[in-house]
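What follows is a set of notes on a single structure, which appears directly below.
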Amino acid sequence: MKCTESLTYNSDTRPRAEPHTASAEPLQSCCEKCRALKNPKFELVTPRKISRDRLQLQLDAEGVYECSDTGLVFEVSQRVKITYCVLSWSKFSTYLTGSWKFAGPIFDVDCDPSILKSVQFPHSLCLAADKDNEVKFSVLHVKNSRGLIEPSADHSGSHVRWNVSSSLSPVGPIVQTSKSAEHHGVVQVFKEVGHENSFSFRVYLAGNNCSDIKDIRRAVRRANNCKNNKRYIQVDKPPTCMLEENRRYRLISEPMGHITPEDMLFSPVIVEVKGYFEVFFEESPPFKLSLTDADSGHTVWTATIREGDCVHHLDENPRKPSKGRKRQSSTSEEELCHKRSKKARGIDEPDCNATAAAPDLTDQQLMQVAKRMGREWKVVAISCLGLSKQDLEEMEAAEESVTMLKFNMLERWRRRQPKGKAGIQDLHKCLKDNDDVPNEVIAVLDEMLQNNSTT
1 MKCTESLTYN SDTRPRAEPH TASAEPLQSC CEKCRALKNP KFELVTPRKI SRDRLQLQLD
61 AEGVYECSDT GLVFEVSQRV KITYCVLSWS KFSTYLTGSW KFAGPIFDVD CDPSILKSVQ
121 FPHSLCLAAD KDNEVKFSVL HVKNSRGLIE PSADHSGSHV RWNVSSSLSP VGPIVQTSKS
181 AEHHGVVQVF KEVGHENSFS FRVYLAGNNC SDIKDIRRAV RRANNCKNNK RYIQVDKPPT
241 CMLEENRRYR LISEPMGHIT PEDMLFSPVI VEVKGYFEVF FEESPPFKLS LTDADSGHTV
301 WTATIREGDC VHHLDENPRK PSKGRKRQSS TSEEELCHKR SKKARGIDEP DCNATAAAPD
361 LTDQQLMQVA KRMGREWKVV AISCLGLSKQ DLEEMEAAEE SVTMLKFNML ERWRRRQPKG
421 KAGIQDLHKC LKDNDDVPNE VIAVLDEMLQ NNSTT
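In my numbering, the protein residues as written are 1 to 455.
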């Protein structure tokens, strides 16, 4: 996974650079008490990004290593390759029962369990006030569609350690507390683009962990893809603060703007449930935003948005599809490149519209895509290609080769498409902007599109 999008913030212990694609790294804690706790230091290693959300580490020897992007700590007994990604609690929170709550990000880790001895998961709780050790950590381990609560081996002010016993699958830290816990939290601000005479913002509250931050990015990306022509960009402001569970927080502004809702309850639930503050100003910047405790009036976070923060430069010169590993944000750039190519060959747009529909993908092209599909191909089959669980069961009963299963998945999608709707562009539209689709898949489709536009 590398679940990150380009900001440059720090984690609780030391700097972690955030790349420019889906930011979900934990950010630097503002809690001096937790910084004073003795947290162990490990060898920092930088992972390779193998898809938008998936990371890979090649560890060369026995030791304990910390991922520079996610804060995950791996203890290994020998040289090994580890692949992992951040997941959303929205898919797994239903496995929690009783008073258990998630305490940090949930990960999918792929590694030989006989070599991986332990994993330490970053958590977002502030333990400085837990002098009586009332906080009880465990780990949620999802196996065969069942959620198992397994004991943690130990915990520190920043991590929960879990000893790997058997299989690896979605796993993340959870907690039970006798009273409302304090969390290292984040406040993230996004400005709506396109209004010249007014200013509209979204303000999100979340725990300072990869899963919550990833969910915020996903919510913003979903808003940007809506057909209401709204688009949001992040306003970079100091994001961290302390947030207490089950306490209401109020956002206030100077000058006074229109803010809804009036206040918001902070709780360890998924971002989609918590929602966000919407802020609207008719005046020009600067605007001062302050997050306060709704009961005491105590300010926990404040930031000033200045005129320079509201200036955005949209790319008005679309680029041709890249042959590299970076995926395109939308197909509009490819369509513009395609139109320019047609004009260069002396073809008018009306003539283009009158031409025959694009040919369906060939078996050879489908195989190119199939070979690049990742471990989440079944998720892609259902969420992107419209296949059913029964389709997957039928295919698996008739075929054992994973590559051929991926090919059959794509072939079944092609077969069910209307005539002229199973071309390269059609598959690209189905797969783009999906977290479970590897970058290599989008790159090979981009290359096919580019080759078509130049022939």
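The beta carbon of each residue, even a glycine, is placed where N, CA and C say it ideally should be.
Under the three-state DSSP convention, the category residue i falls into
i: Thr-94; result: helix
i: Lys-81; result: strand
i: Glu-192; result: strand
i: Cys-430; result: helix
i: Arg-52; result: coil
i: Ala-206; result: strand
i: Met-462; result: Residue numbering for the chain in the displayed model covers 1 to 455; residue 462 lies beyond these limits and cannot be assessed.
i: Arg-221; result: helix
i: Thr-299; result: strand
i: Lys-143; result: strand
i: Phe-407; result: helix
i: Arg-372; result: helix
i: Asn-439; result: helix
i: Ile-213; result: helix
i: Val-73; result: strand
i: Cys-241; result: strand
i: Val-271; result: helix
i: Met-264; result: strand
i: Glu-394; result: helix
i: Ile-174; result: strand
i: Leu-168; result: coil
i: Asp-363; result: helix
i: Ser-401; result: coil
i: Lys-101; result: strand
Among the options, the one whose alpha carbon lies nearest that of residue i
i: Gly-257; options: Phe-74, Val-379, Pro-286, Tyr-204; result: Pro-286
i: Val-441; options: Ser-253, Asp-215, Asp-212, Ala-370; result: Ala-370
i: Gln-425; options: His-141, Lys-274, Leu-361; result: Leu-361
i: Phe-121; options: Cys-67, Val-142, Tyr-95; result: Cys-67
i: Asn-144; options: Gln-234, Ser-167, Ala-128, Phe-137; result: Ser-167
i: Arg-412; options: Leu-57, Glu-134, Asp-391, Lys-432; result: Asp-391
i: Phe-74; options: Leu-116, Met-242, Pro-418; result: Leu-116
i: Ser-165; options: Ser-198, Glu-192, Asn-208, Ser-118; result: Ser-118
i: Cys-384; options: Glu-393, Asp-433, Pro-418, Ile-216; result: Asp-433
i: Asn-197; options: Val-444, Ala-443, Phe-281, Glu-393; result: Phe-281
i: Ala-128; options: Val-109, Arg-415, Gly-157, His-141; result: Gly-157
i: Leu-445; options: Asp-435, Val-160, Phe-92, His-428; result: His-428
i: Ser-267; options: Asn-229, Val-279, Ala-206, Ile-213; result: Ala-206
i: Val-160; options: Pro-105, Ala-422, Gly-275; result: Pro-105
i: Lys-41; options: Tyr-65, Asn-229, Ala-219; result: Tyr-65
i: Arg-218; options: Asp-69, Asn-208, Asp-53, Leu-449; result: Asp-53
Cβ neighbour criterion (16 or more within 10 Å) applied to residue i
i: Val-139; result: buried
i: Asn-408; result: buried
i: Ala-303; result: buried
i: Leu-298; result: Sequence check: residue 298 is His here, not Leu. Exposed, since its Cβ has fewer than 16 Cβ neighbours within 10 Å.
i: Thr-403; result: exposed
i: Cys-126; result: buried
i: Asp-295; result: exposed
i: Thr-240; result: buried
i: Pro-284; result: It should be noted that the sequence gives Ser, not Pro, for residue 284. Counting Cβ neighbours within 10 Å, Ser-284 comes out exposed, since fewer than 16 surround it.
i: Gln-234; result: buried
i: Gln-365; result: buried
i: Ser-51; result: buried
i: Cys-34; result: buried
i: Pro-47; result: buried
i: Lys-378; result: buried
Spatial distance of residue i from residue j (CA atoms)
i: Val-171; j: Ala-358; result: 44 Å
i: Cys-430; j: Ser-211; result: 25 Å
i: Phe-107; j: Asn-451; result: 38 Å
i: Val-311; j: Asn-224; result: 18 Å
i: Gly-420; j: Ser-90; result: 37 Å
i: Val-45; j: His-123; result: 19 Å
i: Pro-261; j: Phe-277; result: 6 Å
i: Thr-292; j: Gly-147; result: 37 Å
i: Val-186; j: Ala-398; result: 49 Å
i: Glu-376; j: Asp-60; result: 27 Å
i: Asp-112; j: Tyr-84; result: 12 Å
i: Gln-471; j: Met-264; result: Nothing in the structure corresponds to residue 471, since the chain is present only between 1 and 455.
i: Ser-169; j: Gln-56; result: 15 Å
i: Glu-192; j: Met-373; result: 35 Å
i: Gly-71; j: Leu-87; result: 14 Å
i: Gln-417; j: Lys-406; result: 17 Å
i: Met-367; j: Arg-221; result: 30 Å
i: Val-135; j: Ala-103; result: 11 Å
i: Val-437; j: Leu-251; result: 37 Å
i: Val-76; j: Gln-58; result: 11 Å
Closer than 7 Å: residue i CB and nearest the ligand PLP heavy atom
i: Lys-49; result: Looking at this structure, you won't find the ligand PLP or any other ligand, since it has none at all.
Contact the segment 165-182 vs the segment 88-99: 3+ CB pairs below 8 Å: yes
Given 8 Å as the limit, is there contact between the segment 236-255 and the segment 178-187, that is, 3 or more CB pairs closer than that? yes
Would the segment 146-164 and the segment 198-206 be scored as touching if the rule is three or more Cβ pairs under 8 Å? no
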